[in-house]
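Under this note's numbering, the sequence shown has 101 at position 109, and the numbering climbs by one with no breaks.
Ideal placement from N, C-alpha and C gives every residue a C-beta, glycine not left out.
Just so you know, these numbers come straight off a predicted model, no measurement behind them.
What follows is a short report on a single structure.
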Amino acid sequence: MRDWGACAALLLAVLLPLTGCSESVPGKAIGAAAPNTPTASAADDPARMPELARTGPRIAVPKKTDQITPCALATQQQVSSALGTVTAAPAPLGGNGNSCVWPLDSGTKNGFLVGYGVAYEDVVRTHPAAQGAVGRMTDGNSTWLWCEVSDQTGAFTCGAAVAISVDRTLVTGLVRSPGAGRTKTSVLAELQTITIPLFRSLPGL
-7 MRDWGACAAL LLAVLLPLTG CSESVPGKAI GAAAPNTPTA SAADDPARMP
43 ELARTGPRIA VPKKTDQITP CALATQQQVS SALGTVTAAP APLGGNGNSC
93 VWPLDSGTKN GFLVGYGVAY EDVVRTHPAA QGAVGRMTDG NSTWLWCEVS
143 DQTGAFTCGA AVAISVDRTL VTGLVRSPGA GRTKTSVLAE LQTITIPLFR
193 SLPGL
């Protein structure tokens, strides 16, 4: 679980406030093609930041963030069913109470992260569309997807942020080592299989 250098590229400026994970990952952001799921549909031109700044994200279903801690958002059965065998107990990333990491069995750099992040607009600025990030809708809530590939290891570091209030997002991340048939699309599709039910399980306002 300590070998999580890729986490910085994913969430350093997304989770509040993140410490203990300062190693950056050299890499190039790549386009995050939409996972082929019925709950992920194209948003109206998500790259239009001026409009986003005026209107804010779409939040059809606002959620509470003060009733469920990040490590209680998912069960081991949910994580293992969607992403593979969990190899250790989940724990906050670098001691940050807004995050929780689940180590996975497919390699020392593989894991799933879930937590509460900053405002949707800040996520969009951190992972801009110019670097390949894209917007989608999850049950009427704005969702931002991005993916990076390490130049050194070829590992995928992908994330999703679903707007749940005017100043918070539900953030999920998945780090995967390179493998046969593994692509940005497949990693993001894996991530969406757990992000959507976790979003739906959050209590509404």
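Starting from R160 and walking both ways along the beta strand (DSSP E), at which residues does that stretch end? No beta strand (DSSP E) holds R160; DSSP gives it neither H nor E.
For the beta strand (DSSP E) that contains V78, what are its first and last residues? For V78, there is no enclosing beta strand (DSSP E), as DSSP marks it with neither H nor E.
In this structure, how does DSSP classify S169 when only helix, strand and coil are distinguished? Correct three-state label for S169: coil.
Using the Cα positions of E113 and P49, report the straight-line distance between them to the nearest angstrom. Our two residues, E113 and P49, have alpha carbons roughly 7 Å apart in a direct line.
S281 to G109, Cα distance in whole Å? Not covered by the structure: residue 281. The range shown for the chain is -7 to 197.
For P120 and W138, I'd like the C-alpha separation in whole angstroms. Between P120 and W138, the alpha-carbon positions lie close to 9 Å from each other.
Might you give, ordered along the chain, the residues of its own chain that have their beta carbon closer than 7 Å to the beta carbon of G107, omitting 5 neighbours on each side? Closer than 7 Å at the Cβ level, and outside the excluded window around G107, lie L7, P62, N90, S91, C92 and V163.
Skipping 5 residues on each side, what residues in its chain have a beta carbon closer than 7 Å to that of A52? So the list reads D131, G132 and N133, once near-sequence residues are dropped.
Reduced DSSP secondary structure (H/G/I, E/B, other) of P120: DSSP places P120 in coil when its eight states are reduced to three.
Residue range of the unbroken alpha helix (DSSP H) whose run includes T57: Looking at the DSSP string, T57 is not in any alpha helix (DSSP H), and its letter there is neither H nor E.
Per DSSP, what are the beta-bridge partners of I51 in this structure? In DSSP, I51 forms a bridge with N133.
Can the beta-carbon of D97 be found less than 8 Å from the beta-carbon of T77? In this structure, T77 lies closer than 8 Å to D97 by Cβ.
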